[in-house]
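Data first, discussion second: the structure below is written as structure tokens.
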Amino acid sequence: MNMHYEVGEFVGFVALQGARLDIPVPQRWYIRQCMPGKDARVISRLRSLDISAWSPMIVRYIDRRTGKVAAKPHLGKRVEKPFLPGLIFVPDFELGNPLMRDRDVSDLGDYVRVPVSGHGRVARASDVDSVVLHDAYRFATLDVDLMAGLREIVNAENGARVGRGHRGPVKYKPGDKVYIVDGSSQLFAFEAEVKRGVDSKGRLKAFIAALMGGVSVDLSETQVEPA
């Protein structure tokens with residue numbers, strides 16, 4: 224049998240071992256508790272174990288000098304805070320994962336349960352003076368649509384609070400939509416419509432329709448970002 228091959232010569236196909244793995248798609252997300260203040264650590268640990276989980280985070284950029292939200296994202300330090308502290312979301316396909324046991328992930332708590340029986344039924348113990356309340360429970364979950372809604376809320380919060388990251392001056396004109404991104408302002412995160420462009424003092428007039436039927440306010444150009 225001649226086993227001599229020339230460079231570039233076609234010699235045949237090689238079968239790949241194993242079938243292609245499909246990416247799992249969750250149908251429901253289960254809510255699980257974690258130690259307060261340890262959200263990021265728990266998520267990091269789960270990811271290191273190749274376990275899917277999500278903790279919604281709000282991103283802010285903090286001015287190092289004042290400790291307040293920076294007027295522009297590129298002027299501050301990026302800080303992430305949990306949107307729902309102490310809660311993480313686990314897709315249904317991870318429920319049977321043995322690595323999800325508490326002893327494998329420190330600071331990870333129980334799945335959140337909600338009562339479904341209304342008031343609970345009384346089961347008397349051996350001591351007639353002591354009673355134990357029992358409720359029928361189910362695990363708290365979000366379906367795909369509810370999870371999509373939660374993500375939209377988080378994205379909207381981040382969009383309003385972080386702004387769009389524009390660098391350099393923006394020439395606002397009447398009719399432009401803006402977000403108020405000054406964290407020290409009571410109007411923080413509201414959307415407004417520019418009624419008068421920036422004047423010589425760097426201020427503009429805007430109208431906030433969501434407040435008391437509509438309110439006109441004067442703002443500095445550093446307090447807003449284009450919507």
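Take 224 as the starting number for the sequence shown in the numbering used here and just add one per residue. All C-beta atoms in this analysis are idealised placements derived from N, C-alpha and C, irrespective of residue type, glycine included. Bear in mind the structure is a predicted one, so any value in this text is a computation, not a measurement.
Candidates the options: closest to residue i by CA position
| i | options | result |
| --- | --- | --- |
| Ile254 | Phe413, Gly332, Val438, Lys428 | Gly332 |
| Gln256 | Leu269, Val248, Gly309 | Gly309 |
| Gly299 | Arg287, Gly425, Ser271, Leu307 | Arg287 |
| Lys291 | Ser443, Gly437, Val404 | Val404 |
| Ile311 | Leu373, Val417, Asp368 | Leu373 |
| Asn320 | Phe306, Ala293, Asp273 | Asp273 |
| Arg264 | Ile285, Pro305, Arg283 | Pro305 |
| Ile266 | Phe316, Val328, Thr289 | Val328 |
| Val440 | Ala450, Leu369, Leu410 | Leu410 |
| Pro249 | Tyr395, Leu307, Arg270, Leu369 | Leu369 |
Cα-Cα separation between residue i and residue j, rounded to whole angstroms
| i | j | result |
| --- | --- | --- |
| Ala371 | Ser423 | 44 Å |
| Arg251 | Arg361 | 13 Å |
| Leu427 | Glu375 | 30 Å |
| Ala432 | Thr445 | 21 Å |
| Gly398 | Tyr284 | 27 Å |
| Leu318 | Tyr334 | 10 Å |
| Met258 | Gly425 | 46 Å |
| Arg268 | Asp315 | 19 Å |
| Met323 | Glu448 | 42 Å |
| Ala450 | Thr289 | 25 Å |
Contact under 7 Å by Cβ, residue i with residue j
| i | j | result |
| --- | --- | --- |
| Val453 | Pro279 | Past the edges of the chain, shown from 224 to 450, lies residue 453, and the structure says nothing about it. |
| Val401 | Ala363 | no |
| Glu380 | Ile281 | yes |
| Lys261 | Asp366 | no |
| Ala429 | Val417 | yes |
| Val313 | Ala276 | yes |
Closer than 6 Å: residue i CB and nearest the ligand MN heavy atom
| i | result |
| --- | --- |
| Val265 | This structure lacks the ligand MN, and indeed carries no ligand of any kind. |
Per DSSP, cross-strand counterpart(s) of residue i
| i | result |
| --- | --- |
| Asp441 | Lys428 |
| Phe362 | Arg336 |
| Leu318 | Partner(s): none; Leu318 has no beta bridge. |
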